[in-house]
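Visitor:
There are 2 protein chains.
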Amino acid sequence: MSEGLRERKKRQTRQHISDVATGLFLERGFDAVTIAEVAEAADVSVNTVYNYFEAKEDLFLDRSKSVVDRLSRFVRARGKGESASDAVFRELRELVEAVSPAIGLFEGYARFMEVVHGSHTLGSRLGFLQHEVLVDLDRTLREETGADEDDTLPTLVAGQLSWVHGTLMGRIAQRMLEGAEPGPASREALVLLDDMEAVLGEKVLKYAVRDA
Amino acid sequence: MSEGLRERKKRQTRQHISDVATGLFLERGFDAVTIAEVAEAADVSVNTVYNYFEAKEDLFLDRSKSVVDRLSRFVRARGKGESASDAVFRELRELVEAVSPAIGLFEGYARFMEVVHGSHTLGSRLGFLQHEVLVDLDRTLREETGADEDDTLPTLVAGQLSWVHGTLMGRIAQRMLEGAEPGPASREALVLLDDMEAVLGEKVLKYAVRDA
DNA sequence: TGAAAACTTGGAGTCATTGCAAACTTTAAG
DNA sequence: CTTAAAGTTTGCAATGACTCCAAGTTTTCA
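Chains as they are written, first to last, in UniProt numbering: chain F, 1 to 212; chain R, 1 to 212.
1. State the DSSP-derived secondary structure class of ALA198 of chain R, mapped to helix, strand or coil.
2. So within the stretch 19-92 of chain R, which uninterrupted beta strand (DSSP E) runs reach at least 3 residues, ignoring any that extend past its ends?
3. Taking 8 Å as the threshold (beta carbon to beta carbon), is ARG125 of chain R in contact with chain F?
4. Rounding to the nearest angstrom, what Cα-Cα distance links ARG11 of chain F and ALA173 of chain F in this structure?
5. Check for me: the alpha helix (DSSP H) holding THR152 of chain R runs from which residue to which?
6. Look at the Cβ atom of LEU92 of chain F, then the Cβ atom of VAL99 of chain F, and state whether they are nearer than 8 Å.
7. At a CB distance below 7 Å, what residues from the stretch 188-202 of chain F approach chain R? Give them in sequence order.
8. For ARG11 of chain F, does the three-state DSSP call read helix, strand or coil?
9. Short of 8 Å in beta carbon distance, which residues of its chain neighbour VAL115 of chain R, apart from the five on each side in sequence? Order them along the chain.
10. Within its chain, find whatever has a CB closer than 8 Å to the CB of VAL20 of chain F; leave out the 5 residues flanking it on each side and keep chain order.
11. Give me the chain R residues within the contact set of HIS165 of chain F, using Cβ-Cβ distance strictly less than 7 Å, ordered along the chain.
12. Round the Cβ separation of LYS203 of chain F and ALA198 of chain R to the nearest angstrom and send it over; I've been treating them as touching at under 8 Å.
13. Which value, in whole angstroms, describes the spacing of the CA atoms of GLN15 of chain F and ALA55 of chain F?
14. Check whether the Cβ of HIS117 of chain F lies closer than 8 Å to any Cβ atom in chain R.
15. Quick check on THR140 of chain R - is its C-beta less than 8 Å from some C-beta in chain F?
16. Name the chain R residues whose beta carbon is nearer than 7 Å to that of residue 214 of chain F?
17. Determine, using beta carbons only, whether LEU168 of chain R and LEU193 of chain R come nearer to each other than 8 Å.
18. Should ARG63 of chain R be labelled buried (16 or more other beta-carbon atoms within 10 Å of its own) or exposed?
19. What's the gap between the Cα of VAL209 of chain F and the Cα of ALA87 of chain F?
20. For a contact meaning CB atoms closer than 9 Å, what does GLN12 of chain F contact in chain R?
21. Taking C-beta pairs closer than 7 Å, name the residues in chain R that HIS131 of chain F reaches, listed in chain order.
22. Would you please verify whether the beta carbon of GLY159 of chain R is less than 8 Å from any beta carbon of chain F?
23. What's the C-alpha gap between GLY146 of chain F and THR140 of chain F?
24. Along chain R, in chain order, which residues have C-beta atoms closer than 8 Å to that of LEU156 of chain F?
25. Hey, does VAL88 of chain R have any beta-carbon neighbour from chain F nearer than 8 Å?
26. What does VAL204 of chain R touch in chain F if you count any residue whose Cβ is under 7 Å from its own?
27. For ASP211 of chain F, which of helix, strand or coil comes out of DSSP?
28. What would DSSP say about PHE128 of chain F, mapped onto helix, strand or coil?
29. Can you tell me whether ALA98 of chain F is helix, strand or coil according to DSSP?
30. Looking at the ligand NAP, does it come within less than 7 Å of ARG11 of chain R, judged from the CB to the closest heavy atom?
31. To which residues of the same chain is PHE74 of chain F closer than 7 Å at the C-beta, ignoring the five residues directly before and after it?
32. Measuring alpha carbon to alpha carbon, tell me which residue in F:THR155, F:ILE17, F:GLY118, F:GLY201 is nearest ASN51 of chain F.
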């Protein structure tokens, strides 16, 4: 019994509600759409919406949550001889070169960010996600290196790498909002990555090299 | 006419409302206090509260807003031969050594952060302020250096320095929450500042040196 | 098949936030 | 000193997010 009917239905319902809501938000903006409208459009009750999502913002940022552990995944998957920083830069470059929608390199991203910036609540929530990336990576680095509880270095490295990620995403968002096409935005992003790597200190670049 | 009765009264009323609200929040937590209660305790109408503050969170974070342009002020006031980074580290060290409440080094800070962490809205807003520090500093660095519009370096330096500031504040908050006294927390913060400076790259450390 | 467990729903209630117009206060001109 | 204009405060009403609850429904499983 890998997954019962119940589980499947739940996931579908959740996805459906999120999709419908996202569509409405992109069309009319975040504040101009009420939960009641989302519920009606998704053909469920208002309470059901709240069964699946804690707050209105989660309806729009649901997908973005997979971003939180992105850097941790990169670091865990780093190759032999590769530092945490090496892995993060390498993987980010791959995403950028592939013009991946995972980092905002797709047509509709401009409108998405427009909606985000259009709402105080949503904008703040984004800053929160950013911080969660750091916390998540900090934990991962500590697990990977077995660093002492009161060693601050992993936190500092996590801060630097999540800054790289956040700055990259922010720049892409900005360029897309300015009307840039994914292709050119991708090329600019690669330069930015180079610049950021050039700005980091040795201690960060060489942290958590995988020996085995 | 430096300031009429009207202006003075407004400032007093605003301060009074903020003080009363802060008191209640510290006592009972953010969500457990309604605007109606704040209004009653401050002896004004609910609408007056909204005349002065955009949202409930602003009642609690009003003071924190002076933090946004802190780094910009440090940079603008940097001495001859001093880089932006030098100035920021120097001034932060001064605040830390002085055990200044401006960076959370006072008894009540633990409770303050407890309340902040206790509310989703409040926590997110803090991340937003953090980002504003960066944006503000970016603008200042561009003004100070006359950097070209599409030069990304000032943004990167601003990102690094606001990271230093945010990490410092975060660490102090964490230690105070863990029950540390301001004195010891101050000493630990100095070490952290050294660690962070050691982690930064040359490009950042030497940016925007004041020659004249 | 017959509950128990898990979902959905309608309805009522709390509270943040906004819009509006009446009532009040301060300012500044006469 | 009086008074109208401008700015401020307030009560009232309404919208919409979010929570609680109790009454159905559906799915699971012994």
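Virtual Cβ for every residue (Gly too), placed ideally from N, Cα, C.
Guide: Reading off the structure:
1. Correct three-state label for ALA198 of chain R: helix.
2. Listed in chain order, there is nothing to give.
3. ARG125 of chain R counts as touching chain F.
4. Taking the straight line from one Cα to the other gives about 29 Å.
5. First-last for THR152 of chain R: undefined, no H or E at that position.
6. With respect to VAL99 of chain F, LEU92 of chain F sits apart: the two C-beta atoms are not nearer than 8 Å.
7. Result list: LEU192, ASP195, MET196, ALA198, VAL199, LEU200, GLY201.
8. Helix.
9. Same-chain partners within the cutoff: PHE25, LEU26, GLY29, PHE30, PHE60, LEU122.
10. Same-chain partners within the cutoff: VAL38, ALA41, ALA42.
11. Simply none; closest approach about 11 Å.
12. Right, the Cβ-Cβ distance comes to about 7 Å (below 8 Å), so this counts as a contact.
13. C-alpha separation (whole angstroms): 15 Å.
14. HIS117 of chain F has a beta carbon lying at 8 Å or more from every beta carbon in chain R.
15. With 8 Å as the cut-off, THR140 of chain R does not count as an interface residue toward chain F.
16. The shown model of chain F, from 1 to 212, leaves out residue 214 of chain F, and the question about it has no answer.
17. Yes, the Cβ-Cβ distance between LEU168 of chain R and LEU193 of chain R is below 8 Å.
18. Answer is exposed; the Cβ neighbour count stays below 16.
19. The straight-line gap from Cα to Cα measures roughly 10 Å.
20. In chain order: nothing, as chain R lies at least about 28 Å away.
21. Going along chain R in sequence order, the residues near HIS131 of chain F (Cβ under 7 Å) are GLY127.
22. Yes, its Cβ sits closer than 8 Å to a Cβ of chain F.
23. Rounded to the nearest angstrom, the two C-alpha atoms are 10 Å apart.
24. By Cβ distance, chain R contributes THR167, ASP195, MET196, VAL199.
25. Not one chain F Cβ lies under 8 Å of VAL88 of chain R.
26. Under the 7 Å cutoff, chain F gives VAL199.
27. DSSP places ASP211 of chain F in the coil class of the three-state scheme, outside both helix and strand.
28. Secondary structure of PHE128 of chain F (DSSP, three-state): helix.
29. DSSP, reduced to helix, strand and coil, places ALA98 of chain F outside both helices and strands of the structure shown, so it counts as coil.
30. This structure lacks the ligand NAP, and indeed carries no ligand of any kind.
31. Closer than 7 Å at Cβ, skipping near neighbours: ALA87, VAL88, GLU91.
32. Of the candidates F:THR155, F:ILE17, F:GLY118, F:GLY201, the one whose C-alpha sits nearest the C-alpha of ASN51 of chain F is F:ILE17.
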